[in-house]
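Residue numbers (the working numbering), protein chains in the order written: chain S, 1 to 413; chain P, 414 to 826.
One structure is given below, encoded as structure tokens.
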């Protein structure tokens, strides 16, 4: 038996039952692959019965963000224009999980085109935060975080361009891990930005993420507990609830034997990098969606058309400069962090908010640091607001697996 | 004594005498640093007399392309707008050479902004090919190649974005070596394209290049003689003279014990990559020269203004796509060449031509392969046309120093 809850066929049937019960209100899963999943779960159960599971994730029930191809299911990246496109084969990462015995349950809601962090999707519907209906689960991997938090799957794949795995992980109170750029193949994934996109993993425990990582990325390297601490005070919007919980997390880190050094990271200008990364992501998204946009403009929401249209009107030298600034800033951040084993920051400046409230402009100001500087990152829960909304911090590091190890050490302390 | 011609002070005085005699007709050197050079040469002579030279290039007389900063000399990149700008310090690579005892003679003519390969410079005048007055020396490092070929210095620094070291080396019949991207620091160099620019070295012998490299880059790694051969037949303009000399070079390689395999490299589309690299270079040049262009438009030639103006009007997504195609094509070329120790191609499709003749559109079609795929490359002489114009081939490789070793082996065979 897997160390989890029971035989994979029973566990998987249990997940489908919970999906049936809870998904109508949450709208996290969009398409299910029930028959194949149940067949795979029976095969997994047989392997365990024979004492021969394939891997640490044999039998694990996994959901997949809708921009990642799952053979036989719609592959639309949350964009109406592609709603009837069916993936003919699995994305490389999905194929790896399946080959290791994982059970792929279906595809998950997301912010349209992965360009935004509320998952208020006009075509596929809002995905709600399991902690509070009517509140955003974050995004763009909102369905991934909501499904994991609500217990509709054991883990989920997401993608992260400026924070799209870690922002929803933070708002939904789960772990969100983004390996460094290029660690997990992007083959079979609708790109938002090939320069900034990362595949990432969400789960309720760091052990579950570790299990998925054991299949998708190299073994972790432990380096140490010499930690830089950054709160961007005064440079991005940070809620008092976040400040308080983050300060307690830093205290906890010290108590756990971490050396902590507060840094300001002046090399990083949140407002400037926000503009630069958005220009790059939107210009690259124009390339990806150019044909579909001109064939079927109504298949894209008005806000998305406006963003991509703006990028299409920007002059080439402005983009050349943006890539240059991205590379130079990334190198400067790496150099500033070189003396440390990892950087600890809040994952987001605020907890989840109602759909009716505009998203903070600096929603990705903490998370995007990793995308800029080619670092890996793990967001992890650090408690809740007084009224029960999850709060989160993240570790960033250039050492593979380091941030997950540190997040595990800190949350189990 | 250095193994060359005599004491550095006498040798350097000899170079200045040749410059005085020949440079008025060639117009290779633009500004000389006579007093400092002679003083440095005397110091070098003293070191040799004391039996303590600093390096393999102590006392070597070196010229520097005018986009590379030489403290105290004009630093204008061949652009009129910057003609009165004086460099306050040496570029990093010049400082390294000086610290190793090299004698910096002065700065060399170049194609305006390094964007073009004829060195027909409206402001600083044409630089002529030492093999035939009125013919282009190639470019953009035309002055570097002409000065070396005419014996006005022992070696010269150049820069290479799509072939700007190797094209003039080919037209002037000297060795031109471009280490892989990033090997030599670009600090203190006016960029044409930070994505494609490389610092390179020109000299009459591979031994002289080896000596300069011993100061600027890591020690070479010999890998082998398993060579791919590419002639781009039918895909770019290639003169019969080049075809014949190149075939003889391939024969010579076989006789010298090289294994040769003819490849087509369908991954590389010369016309498409020409457009892509030009867009990238011109868009990046817009960023570098934006301020000077708006403050002093007449400081830029009409053709250069037209090229940069065109780039400034291109939409950002077109450039995003260009960078993407560059990266994907580079990776495909690397993969195609992985089974081989190096690639052998002609350096250019034609020999030098009169200034009055338009440059072939595919002037850099062979050379740019290295810039795209992050390879090092060495162009080397392979004879002349029946009327005495130099012809050239090049090796490309991903192993540091490999191409210079192979070119040396082949030319000394």
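Note that beta-carbon positions come from the ideal geometry of N, C-alpha and C, so glycine has one too.
Coil, strand or helix - residue i by DSSP
{"i": "residue 415 of chain P", "result": "Because the pLDDT of residue 415 of chain P is 49, which lies under 50, any placement of that residue in the model is unreliable, and the question is left without a value."}
{"i": "residue 404 of chain S", "result": "helix"}
{"i": "residue 432 of chain P", "result": "helix"}
{"i": "residue 325 of chain S", "result": "helix"}
{"i": "residue 420 of chain P", "result": "coil"}
{"i": "residue 398 of chain S", "result": "coil"}
{"i": "residue 709 of chain P", "result": "coil"}
{"i": "residue 385 of chain S", "result": "coil"}
{"i": "residue 126 of chain S", "result": "strand"}
{"i": "residue 288 of chain S", "result": "helix"}
{"i": "residue 641 of chain P", "result": "strand"}
{"i": "residue 525 of chain P", "result": "helix"}
{"i": "residue 744 of chain P", "result": "helix"}
{"i": "residue 784 of chain P", "result": "helix"}
{"i": "residue 13 of chain S", "result": "helix"}
{"i": "residue 805 of chain P", "result": "strand"}
{"i": "residue 728 of chain P", "result": "strand"}
{"i": "residue 345 of chain S", "result": "strand"}
{"i": "residue 236 of chain S", "result": "coil"}
{"i": "residue 824 of chain P", "result": "helix"}
{"i": "residue 377 of chain S", "result": "strand"}
{"i": "residue 437 of chain P", "result": "helix"}
{"i": "residue 303 of chain S", "result": "helix"}
Contact set between residue i and chain P, taken where Cβ atoms lie within less than 8 Å
{"i": "residue 324 of chain S", "result": "607, 697 and 700"}
{"i": "residue 321 of chain S", "result": "700"}
Among the options, nearest to residue i - alpha-carbon criterion
{"i": "residue 143 of chain S", "options": "S:163, S:162, S:161 and S:118", "result": "S:118"}
{"i": "residue 258 of chain S", "options": "S:19, S:410 and S:88", "result": "S:410"}
{"i": "residue 486 of chain P", "options": "P:502, P:475 and P:471", "result": "P:502"}
{"i": "residue 717 of chain P", "options": "P:581, P:535, P:622 and P:550", "result": "P:535"}
{"i": "residue 761 of chain P", "options": "P:745, P:738 and P:779", "result": "P:779"}
{"i": "residue 381 of chain S", "options": "S:94, S:171 and S:295", "result": "S:171"}
{"i": "residue 41 of chain S", "options": "S:51, S:102 and S:91", "result": "S:102"}
{"i": "residue 158 of chain S", "options": "S:223, S:239, S:64 and S:231", "result": "S:64"}
{"i": "residue 676 of chain P", "options": "P:437, P:755 and P:657", "result": "P:755"}
{"i": "residue 697 of chain P", "options": "S:319, S:295 and S:301", "result": "S:319"}
{"i": "residue 148 of chain S", "options": "S:175, S:161, S:160 and S:134", "result": "S:175"}
{"i": "residue 773 of chain P", "options": "P:547, P:603, P:652 and P:728", "result": "P:652"}
{"i": "residue 524 of chain P", "options": "P:505, P:610, P:551 and P:507", "result": "P:551"}
{"i": "residue 833 of chain P", "options": "P:622, P:747, P:620 and P:753", "result": "As displayed, chain P neither begins before 414 nor continues past 826, which places residue 833 of chain P out of reach and without an answer."}
{"i": "residue 93 of chain S", "options": "S:313, S:189 and S:162", "result": "S:189"}
{"i": "residue 384 of chain S", "options": "S:291, S:402 and S:242", "result": "S:242"}
{"i": "residue 295 of chain S", "options": "S:37, S:82, S:14 and S:54", "result": "S:82"}
Beta-carbon proximity check, residue i vs residue j, cutoff 8 Å
{"i": "residue 567 of chain P", "j": "residue 543 of chain P", "result": "no"}
{"i": "residue 113 of chain S", "j": "residue 192 of chain S", "result": "yes"}
{"i": "residue 693 of chain P", "j": "residue 608 of chain P", "result": "yes"}
{"i": "residue 394 of chain S", "j": "residue 408 of chain S", "result": "no"}
{"i": "residue 344 of chain S", "j": "residue 184 of chain S", "result": "no"}
{"i": "residue 461 of chain P", "j": "residue 447 of chain P", "result": "no"}
{"i": "residue 432 of chain P", "j": "residue 418 of chain P", "result": "no"}
{"i": "residue 644 of chain P", "j": "residue 759 of chain P", "result": "yes"}
{"i": "residue 353 of chain S", "j": "residue 124 of chain S", "result": "no"}
Contacts of residue i in chain S (Cβ-Cβ under 9 Å)
{"i": "residue 727 of chain P", "result": "315, 316 and 317"}
{"i": "residue 724 of chain P", "result": "315, 316, 317 and 320"}
{"i": "residue 692 of chain P", "result": "316"}
Chain C contact for residue i (CB, 8 Å cutoff)
{"i": "residue 41 of chain S", "result": "The displayed structure is made up of protein chains S and P, and chain C is not among them."}
Report task. With a floor of 4 residues, list each alpha helix (DSSP H) that falls wholly inside the segment 439-520 of chain P, ordered by position along the chain. Result -> Segments of the alpha helix (DSSP H) lying fully in the segment 439-520 of chain P: 447-462 and 505-512.
Query - Segments assigned beta strand (DSSP E), at least 3 residues, entirely inside the segment 241-276 of chain S - result: Segments of the beta strand (DSSP E) lying fully in the segment 241-276 of chain S: 259-262.
Query raised in the report: Which runs of the alpha helix (DSSP H) fall wholly inside the segment 542-570 of chain P and span at least 4 residues, in chain order?
Result: Within the segment 542-570 of chain P, the complete alpha helix (DSSP H) segments of 4 residues or longer fall at 555-562, listed in chain order.
**Report entry** beta strand (DSSP E) runs contained entirely in the segment 577-621 of chain P, provided each spans 3 or more residues
**Finding:** Every beta strand (DSSP E) stretch that sits fully inside the segment 577-621 of chain P and reaches 3 residues is listed by chain position as 588-591 and 611-616.
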